[in-house]
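Number of protein chains: 4
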Amino acid sequence: MASQIDITVAPFKGLPAWVLSKLRPVAIEKIQAVHDWVETECIPAESIMKAQLAKDRWHTPPLMKQLREKAKARGLFNLFLPHHFPESPGLTNLEYACCAEIMGRVYWAAQTMNCHAPETGNIELLAKYANDAQKKQWLQPLLNGDFSSAYSMTEPEVASSDATTIGIRMEKVGDEYIINGRKIFGNVNWNPEMQLYILMGCTDPDNKNPWNRHSMLLVPADTPGLTIVRNLSIMGYDHAPEGHGEYVYQNVRIPASNVILGPGRAFEIAQGRLGPGRIHHCMRLIGQCERAYEFALIRATDERKKPRGRLIGDFDSNIERLAQMRLEIDALRLVVFNAADTMDTYGNKAGRYVIAQSKILVPDKIAHIIDECMQFYGGQGLTQHTPLPEMWTYARFVRLADGPDAAHRHQVGRDQLKGAAQVRKRHERYYLIAKELKRLYGLEEELAAECTWEYLDVSAIKSNL
Amino acid sequence: MASQIDITVAPFKGLPAWVLSKLRPVAIEKIQAVHDWVETECIPAESIMKAQLAKDRWHTPPLMKQLREKAKARGLFNLFLPHHFPESPGLTNLEYACCAEIMGRVYWAAQTMNCHAPETGNIELLAKYANDAQKKQWLQPLLNGDFSSAYSMTEPEVASSDATTIGIRMEKVGDEYIINGRKIFGNVNWNPEMQLYILMGCTDPDNKNPWNRHSMLLVPADTPGLTIVRNLSIMGYDHAPEGHGEYVYQNVRIPASNVILGPGRAFEIAQGRLGPGRIHHCMRLIGQCERAYEFALIRATDERKKPRGRLIGDFDSNIERLAQMRLEIDALRLVVFNAADTMDTYGNKAGRYVIAQSKILVPDKIAHIIDECMQFYGGQGLTQHTPLPEMWTYARFVRLADGPDAAHRHQVGRDQLKGAAQVRKRHERYYLIAKELKRLYGLEEELAAECTWEYLDVSAIKSNL
Amino acid sequence: MASQIDITVAPFKGLPAWVLSKLRPVAIEKIQAVHDWVETECIPAESIMKAQLAKDRWHTPPLMKQLREKAKARGLFNLFLPHHFPESPGLTNLEYACCAEIMGRVYWAAQTMNCHAPETGNIELLAKYANDAQKKQWLQPLLNGDFSSAYSMTEPEVASSDATTIGIRMEKVGDEYIINGRKIFGNVNWNPEMQLYILMGCTDPDNKNPWNRHSMLLVPADTPGLTIVRNLSIMGYDHAPEGHGEYVYQNVRIPASNVILGPGRAFEIAQGRLGPGRIHHCMRLIGQCERAYEFALIRATDERKKPRGRLIGDFDSNIERLAQMRLEIDALRLVVFNAADTMDTYGNKAGRYVIAQSKILVPDKIAHIIDECMQFYGGQGLTQHTPLPEMWTYARFVRLADGPDAAHRHQVGRDQLKGAAQVRKRHERYYLIAKELKRLYGLEEELAAECTWEYLDVSAIKSNL
Amino acid sequence: MASQIDITVAPFKGLPAWVLSKLRPVAIEKIQAVHDWVETECIPAESIMKAQLAKDRWHTPPLMKQLREKAKARGLFNLFLPHHFPESPGLTNLEYACCAEIMGRVYWAAQTMNCHAPETGNIELLAKYANDAQKKQWLQPLLNGDFSSAYSMTEPEVASSDATTIGIRMEKVGDEYIINGRKIFGNVNWNPEMQLYILMGCTDPDNKNPWNRHSMLLVPADTPGLTIVRNLSIMGYDHAPEGHGEYVYQNVRIPASNVILGPGRAFEIAQGRLGPGRIHHCMRLIGQCERAYEFALIRATDERKKPRGRLIGDFDSNIERLAQMRLEIDALRLVVFNAADTMDTYGNKAGRYVIAQSKILVPDKIAHIIDECMQFYGGQGLTQHTPLPEMWTYARFVRLADGPDAAHRHQVGRDQLKGAAQVRKRHERYYLIAKELKRLYGLEEELAAECTWEYLDVSAIKSNL
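Residue numbers (numbering that gives the first Met the number 0), protein chains in the order written: chain P, 0 to 464; chain C, 0 to 464; chain V, 0 to 464; chain H, 0 to 464.
What follows is the structure in structure tokens.
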């Protein structure tokens with residue numbers, strides 16, 4: 000397959016050999032198309048998008064609408080949806096990862112292709128768990144890009160990284176749920192495009208099983224009683240026109256038929272939502288970081304900037320920095336590609352570890368690399384003259400989105416410790432064989448000294464003999 | 000001295016014993032007064048200041064004006080100006096460092112006491128180098144807080160970290176200088192309080208000595224021909240109402256009497272400006288970081304936030320993080336205090352190394368610690384609900400202000416290498432004594448083996464015998 | 000293929016899906032055999048090997064000889080030699096990487112399978128560049144494990160990371176080369192098994208092309224005039240019985256027919272030697288680190304060690320540490336596998352970047368992880384009671400073997416900078432499209448502001464229009 | 000005081016101004032004498048000491064004995080013992096810190112001045128807690144340097160970082176204690192100079208208060224029943240002739256009069272032992288690191304080593320590395336000096352935090368810096384040709400000696416969390432003042448929004464009004 004494509008130029012340059020070997024023609028075509036799209040329609044249009052948004056902060060800019068129509072027409076919509084869904088355009092996770100990296104080069108490029116968060120997660124959720132009526136009413140328009148949606152889980156008053164503590168009350172009264180409480184971090188409905196919240200709340204607080212207390216509900220954005228207190232800025236950025244809202248629910252009434260999958264099944268759904276969606280951010284971060292790196296290269300070779308008479312890139316310290324960044328970006332890409340491929344091969348559930356690996360390693364390191372790229376630009380690096388500050392902020396944000404990395408590390412660490420017993424057993428076997436060998440080789444003396452300091456509790460093994 | 004004060008509570012708690020032992024009664028009184036001021040008048044007023052600024056972005060908020068008047072009346076103005084200046088309120092750099100840390104707890108607190116950048120550097124510059132007429136016209140009102148000033152050095156088209164590349168043209172025509180060119184990073188004159196630029200530019204481009212080509216000029220902010228193109232945002236923050244401007248000078252005419260110290264002496268002045276002013280930022284960053292740390296402590300013990308049923312501060316990983324942050328903040332404070340004390344003892348020039356040490360170590364590490372404190376807050380940590388994002392941004396900014404840390408590291412490293420010859424000479428002496436000892440102790444065999452791999456070029460030493 | 004094997008247990012557990020999918024039956028069989036070999040014959044025999052070496056430090060221990068015979072009989076010899084060599088047992092680099100990781104679990108396991116440095120590099124070198132007579136005399140016995148060899152390049156008096164500075168003199172006199180000079184770091188010939196040095200030296204010092212001055216010579220270890228001054232210890236370890244020698248060559252005479260490939264072609268050969276050989280170390284380091292990690296897991300769950308009443312692995316800080324180590328080891332494995340696969344796909348030369356990537360990222364990080372594992376053991380971690388100190392030392396050594404990482408980073412960084420011009424060109428294209436778009440969207444105002452601070456030198460682009 | 004001394008040369012160069020200002024004439028004289036001693040008698044004698052030890056590994060080398068006599072005659076013995084002890088030569092901790100740094104330049108220099116671990120801790124312990132008879136028998140000869148002693152606390156079978164788990168049994172039978180159990184890490188008694196163990200063991204295992212179960216006992220090294228199993232190597236080094244033993248106590252009988260202070264008071268003593276002794280290591284590490292740094296400087300300017308035609312120190316990356324190392328060493332020195340000064344001012348107990356600060360920050364960072372210095376030397380850096388590998392090993396060891404840094408961090412972190420309640424209270428006060436201010440400034444709207452996301456639990460505060 001790879002033989003048809005030119006691996007010395009973008010978008011295929013830099014892809015690992017094993018990834019190239021797995022790309023089907025359909026994917027190669029899409030990757031090229033996404034590349035062309037971003038290079039021609041998105042990157043050069045950044046200032047236009049910014050200018051339109053500056054004028055009308057809380058509406059989708061006309062340019063975005065035009066680009067979305069155009070991208071849809073070109074068959075670039077919903078590429079993220081894995082091929083096993085009937086609604087999918089047919090890419091594997093690995094193939095999509097190649098596309099997603101390219102999308103990441105511009106903050107809003109994924110949105111032009113309907114591949115942006117939280118739509119991707121929501122669409123996958125609905126495709127997986129919604130009933131036909133719900134699909135018709137909500138999934139189809141989302142796939143079509145008719146309006147946008149939000150996912151509403153985090154709450155201000157609890158430690159949302161432990162979702163069992165989520166407390167918003169959804170009380171069943173007749174055919175309706177009456178909702179009271181507060182939420183944070185779903186997109187704001189100041190933008191009229193925003194029409195749906197997928198809300199996780201507590202329907203059965205007294206259930207003995209804490210994993211069965213919560214339900215997932217479809218909440219139209221204009222339902223009376225739902226108020227936005229303010230938009231949450233992220234490191235000073237408002238992220239308009241989507242934003243991140245702070246909400247109050249006051250006697251909000253939603254038909255019981257809007258429950259997804261059934262009452263008490265929120266965790267089942269949330270678990271399923273944590274597949275590919277969770278690494279889309281990481282895929283895009285790689286692309287974003289590649290672009291930051293381009294900025295660093297440009298500054299390093301800027302003839303106008305010659306401290307002490309030398310190009311910035313003539314300083315060995317900067318040469319080493321550029322090398323280290325390149326090496327680390329490429330290593331992170333391998334992590335993300337491997338996560339995508341693992342999901343393709345074994346499914347989302349088996350991919351839990353590699354997803355966590357991406358989630359923990361990528362945003363933290365990428366933020367650090369972008370920070371270094373900013374440093375190449377001196378004072379200018381922090382200003383609006385490059386997209387670097389927004390890139391850093393996005394990476395910093397993703398380090399917290401879907402849970403802080405420490406929480407994920409805990410999960411990984413606990414899983415490792417579960418395997419310790421088996422490791423210990425194997426080492427006890429080593430010990431027993433070694434004992435035999437010592438006898439065999441006449442190393443009695445050493446056997447005698449054995450009563451001393453062992454990393455294994457030898458007495459325990461002996462008793463097992 | 001320390002016996003009079005209670006070292007178990009703020010503001011004296013946490014001060015190193017040796018620092019306490021050097022505080023004179025006048026300083027103890029001022030430190031207490033600054034502490035009370037910040038605790039009572041500044042921290043609780045943060046939301047008021049923010050609200051007033053939100054309504055009128057490019058004017059000094061009424062609250063700031065009131066607080067400045069009040070602080071001046073309380074004798075809290077200009078504390079930064081070292082005691083040897085006639086205009087000084089009388090503190091040493093070390094004593095002021097204690098005050099500055101406290102000021103740092105609120106982004107704008109230093110301004111209420113006329114101790115903010117760039118005023119501090121400008122005031123010291125004028126106190127040191129201006130003539131009497133210039134002092135009367137510009138220094139007195141600045142000390143009195145009648146208007147504000149900016150320092151204008153950085154340029155968009157050169158590598159300003161090497162100031163000899165600065166290119167803005169200041170041509171002497173008759174009794175005037177005619178200025179043409181561009182500048183960045185001085186405060187914007189959208190705020191009418193902003194009335195003076197101290198401008199570094201090129202008056203004698205053909206001078207053989209590159210250190211004599213530039214002059215420092217007093218430029219009234221409303222001079223015709225001086226235009227602001229835009230405000231530069233820093234990581235998305237506009238830093239209103241002071242801001243950071245991008246300027247065009249087009250045939251700006253300034254009387255030659257506005258030159259400070261004399262034509263061609265800009266570097267002499269710039270050098271002198273790099274004394275205490277350069278570490279005020281670091282002093283304040285420590286205080287800011289202490290406040291960020293308080294936020295982390297509060298979150299760590301927030302009864303509402305219990306992932307997996309435990310306080311965030313019950314997790315050993317967070318206990319270790321809180322410890323490490325505490326240890327590092329305190330170590331950085333020692334660095335800054337030592338820099339201040341070294342300047343007090345040996346003067347600004349001899350303090351060059353310790354100033355660089357603060358400049359290089361403090362902002363980088365403090366930014367990292369504040370980032371960690373944000374992480375304690377999960378998603379909320381990045382929003383406007385705490386001052387943490389602005390704190391991080393300020394630390395990040397200071398890492399570049401007055402030059403990127405790499406440039407300073409280069410200077411330090413080159414100085415170290417200058418000392419290498421002397422070190423080598425000492426090691427050659429070791430070698431010669433060792434040779435004698437080997438003979439003395441009958442270690443001929445080892446002497447014979449000497450012809451092999453030595454970290455010193457032994458043959459070169461032999462010839463020196 | 001992967002369907003036949005049980006991926007939930009060693010040695011296939013932990014292998015990335017894409018790697019598993021590329022393993023051919025022959026490889027699966029070998030990997031399993033190597034795994035069984037190391038688990039049963041090597042790990043439990045560590046103390047025997049140590050005891051034999053303690054008694055007779057500079058001879059190959061009897062156990063090693065027995066194991067080598069046994070491994071050869073089982074078809075486990077020379078697995079490293081890639082399948083395209085006639086002498087190869089048939090594995091690809093990727094397949095061998097799986098074996099090498101397992102070998103790495105015991106410091107000397109690779110040697111039992113004739114897959115240890117420097118034999119691997121030497122064998123590949125001879126297979127590639129030696130003539131038939133040389134192959135018969137030297138390659139065959141090496142493949143057969145009859146004796147061992149060393150590679151002799153580094154010199155005490157020059158900066159060997161830049162091999163053009165290598166100075167040992169090899170003067171052609173008649174049919175012989177007469178060698179004078181000093182070398183360091185080839186294995187010592189105190190062990191009689193050690194019979195061959197592949198020596199890089201200077202045959203044509205006056206050649207204008209510095210890349211044509213050197214030749215590669217086959218030097219029998221017992222040639223008169225070749226003296227070992229001492230063994231070089233590595234962090235205190237003597238690495239017996241192979242060691243690292245410090246040599247003097249005094250009028251050593253070698254027949255001219257011992258030159259490999261021809262005079263002046265040393266760099267051509269050295270270049271070719273830098274293929275797979277250079278990442279074998281990295282492959283083994285991963286395996287070694289996996290074993291260090293097992294030690295950490297065992298200590299973390301040691302019932303005898305309960306500070307403050309809790310298992311070491313009950314502390315969240317240690318849970319997070321175990322997670323982070325796991326994540327990073329697995330990410331490094333992806334880097335090494337990708338390097339092997341890239342060489343398989345595109346050849347060694349095209350693999351230069353990925354080889355450097357392994358070389359730079361792996362040893363440094365692995366040393367850090369092993370250090371962390373030692374820390375889990377408290378004081379015991381530094382003693383002879385676990386192999387951890389030797390593991391750390393090996394990783395530290397590999398960071399310098401084949402050149403310090405800084406030298407490799409420089410190469411990578413310079414290559415990146417070579418690509419900067421093309422990146423700049425692309426950005427100029429963005430700029431020109433953006434300009435058109437601005438006109439199209441009526442953003443004249445912004446166009447006017449364009450004269451200000453651009454990260455690109457806009458004036459230069461304009462002139463290109 | 001500082002005026003008498005030349006601060007531009009060693010040993011006073013590099014001392015912070017505030018430290019210089021505190022040095023009394025007696026200290027200045029001693030510092031100079033220690034400097035001259037180390038420069039002339041120790042550094043050049045390193046190879047002699049090594050050679051003597053190589054010949055007779057487990058006896059104190061004759062050179063060491065000669066140097067000790069000479070140093071004692073010069074009044075350089077026991078400088079570490081703080082001035083308030085009658086046996087003290089009269090220095091403060093701060094003054095001694097200056098000496099200790101110089102001693103650290105050679106691994107064994109402190110021993111020539113009877114200022115080495117564990118003698119220092121043992122001498123202070125006996126001076127503080129022993130009765131007159133014990134002092135006469137043990138303290139006097141130790142002060143006189145007649146024999147050496149060890150401190151025996153760590154055990155192989157428990158987590159000794161939590162000393163309450165220490166289990167060696169010391170049973171009172173008549174006038175004797177009968178000891179059974181195992182110990183690790185005290186010096187080995189293979190060296191006949193080694194004559195005394197201060198042993199911590201369990202005399203009252205059933206005492207309800209875990210802090211009263213243990214006693215401290217004086218154990219002559221030749222007591223029957225006390226066997227050494229082996230010496231523990233540290234990263235491969237045997238640390239002869241002192242070493243680190245692994246012991247078995249089998250019915251070892253010691254007169255009850257050998258208990259120090261009284262039965263059950265081991266923790267009281269251990270606590271007291273943790274004063275200055277704990278930072279002597281850190282002081283010496285700074286000196287050691289300074290010497291490592293000198294080696295780096297020498298390599299950086301070695302005319303024989305010119306990769307790519309440039310001195311190693313001509314590479315900007317190395318210039319920056321040298322700068323960063325210099326800055327960090329100097330910052331760590333400030334930490335250690337401050338710890339010493341704090342103990343001088345407030346006593347050892349109040350110094351607990353600053354001692355922990357040194358213990359946690361210094362060894363870890365110093366090991367890292369020495370590692371970097373080794374890297375400057377390429378392969379040679381790991382060999383016996385410089386003392387760098389032993390230096391690294393010592394720093395690594397100190398990171399674990401007196402407990403792993405994580406344990407100390409936990410203590411510091413827990414202490415910080417104890418202060419959180421007070422911080423919270425202060426923030427609640429800010430909130431209440433802010434509320435008043437909002438009313439005052441007519442910011443009702445913002446007051447209304449107050450019901451949303453606060454970092455404080457506002458409802459709790461309200462109820463407190």
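Glycine included, every Cβ here is placed at the ideal spot set by N, Cα and C.
Nearest chain P C-beta to residue i closer than 7 Å, yes or no?
| i | result |
| --- | --- |
| H/Asp315 | yes |
| H/Glu319 | yes |
Taking Cβ positions, are residue i and residue j nearer each other than 7 Å?
| i | j | result |
| --- | --- | --- |
| C/Asp221 | C/Arg212 | no |
| P/Ile503 | P/Glu245 | The structure shown has nothing for residue 503 of chain P, since chain P only spans 0 to 464. |
| P/Ile369 | P/Ala394 | yes |
| C/Leu198 | C/Leu216 | yes |
| P/Ala322 | P/Phe375 | no |
| H/Gly402 | H/Arg272 | no |
For residue i and chain V, any beta-carbon pair shorter than 7 Å?
| i | result |
| --- | --- |
| H/Ala1 | A caution first: H/Ala1 carries a pLDDT of 46, below 50, which makes its placement in the model unreliable, though a value can still be read off. Judged by the 7 Å Cβ criterion, H/Ala1 is not in contact with chain V. |
Rounded to the nearest angstrom, how far is the Cβ of residue i from that of residue j, given a contact under 8 Å?
| i | j | result |
| --- | --- | --- |
| H/Val218 | H/Met282 | The Cβ separation is near 29 Å, so there is no contact. |
| P/Cys98 | P/Leu14 | With 8 Å as the limit, P/Cys98 and P/Leu14 do not qualify as a contact, their Cβ atoms being about 12 Å apart. |
Within 10 Å of its beta-carbon, does residue i have 16 or more other beta-carbons around it, so buried, or fewer, so exposed?
| i | result |
| --- | --- |
| V/Thr382 | buried |
| V/Leu172 | Going by the sequence as given, residue 172 of chain V is Val instead of Leu. V/Val172 should be labelled exposed. |
| H/Ala116 | buried |
| P/Thr111 | buried |
| C/Leu439 | exposed |
Closer than 7 Å, CB to CB, is residue i near chain H or not?
| i | result |
| --- | --- |
| C/Ala70 | no |
| C/Thr484 | A question about residue 484 of chain C goes unanswered here, because the residues of chain C that appear run from 0 up to 464. |
Report the residues of the stretch 324-348 of chain C with a CB closer than 7 Å to any CB of chain H, ordered along the chain. Those residues of the stretch 324-348 of chain C that come within reach of chain H (Cβ to Cβ, closer than 7 Å) are Arg325, Leu326, Asp329, Ala330, Leu333, Val334, Asn337, Asp340, Thr341, Thr344 and Tyr345.
Contact residues within the stretch 122-154 of chain H, judged by C-beta distance below 9 Å to chain C: Per Cβ criterion, the list is empty.
What residues in the stretch 208-238 of chain H bring their beta carbon closer than 7 Å to a beta carbon of chain V? Of all residues in the stretch 208-238 of chain H, Leu231, Ser232, Ile233, Met234, Gly235 and Tyr236 have a Cβ within less than 7 Å of some Cβ in chain V.
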